[in-house]
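When you read off a place in the sequence shown, starting at 1, and then add 9, the result is the number in the working numbering. Backbone N, C-alpha and C fix where the C-beta goes; we use that ideal spot for every residue, glycine too. Quantities reported herein were computed from a predicted structural model and do not represent experimental measurements.
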Amino acid sequence: MQTTYRTAFTMLELTFVVVIIGILSAIAVPKFAATRDDATIAKAKTTIASVRNAVAAERQKRILRGSFTSISNLSSSSGLDKPIFDGFDGNISNSVLEYPLQSCKTASSEGCWRQNATGTEYTYNMPVSGSVVFELKNNRFDCKVRTATNCIRLTR
Numbered sequence: 010m011q012t013t014y015r016t017a018f019t020m021l022e023l024t025f026v027v028v029i030i031g032i033l034s035a036i037a038v039p040k041f042a043a044t045r046d047d048a049t050i051a052k053a054k055t056t057i058a059s060v061r062n063a064v065a066a067e068r069q070k071r072i073l074r075g076s077f078t079s080i081s082n083l084s085s086s087s088g089l090d091k092p093i094f095d096g097f098d099g100n101i102s103n104s105v106l107e108y109p110l111q112s113c114k115t116a117s118s119e120g121c122w123r124q125n126a127t128g129t130e131y132t133y134n135m136p137v138s139g140s141v142v143f144e145l146k147n148n149r150f151d152c153k154v155r156t157a158t159n160c161i162r163l164t165r
């Protein structure tokens, strides 16, 4: 009769594998979290550039039509969890962005936009902490405080 032996990992080998996986995950998980925040900020930068381009194009269209009225707002309604950047002067048939964003679900949500009660101010809640207020003034979409750290981070 022949005896068959099963080969398996020893307890020491398994312990080393678990330790190595633990070390790798301790290094990788924070990097993935930072990458997510960077992606959210990149999306905000793209939104700002798109809104600015749309405002400039709308301003030029109005001038060509002989209308020199200022753009009063960029959304059809204010409030939380509503479409934002969905229409010049509240007219959704003349959209700012082809695919409007949804505003923040709550005032403390992170990585989202919300329209302030004035209708001309739009706040972006940063993914980590803080916020930036943009205002629509003189047919321009700019930071209210251009020297603020988060403003510089989003517009440069």
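Query, Result
"Option nearest residue 48 by Cα separation, candidates 158, 33, 122 and 136", "136"
"The alpha helix (DSSP H) enclosing residue 40, as first and last residue numbers", "20-74"
"Same chain, Cβ closer than 8 Å to residue 129, five either side skipped, listed in chain order", "81, 82, 144, 145 and 146"
"Exposure of residue 163, with buried meaning 16 or more beta-carbon neighbours within 10 Å", "buried"
"Residue(s) in a DSSP beta bridge with residue 144", "130 and 151"
"Residue 162 in three-state terms, based on DSSP", "helix"
"Beta-carbon gap between residue 63 and residue 23 smaller than 8 Å", "no"
"Option in 126, 86 and 127 with minimal Cα separation from residue 110", "86"
"Residue 116 versus residue 28 - alpha carbon distance", "42 Å"
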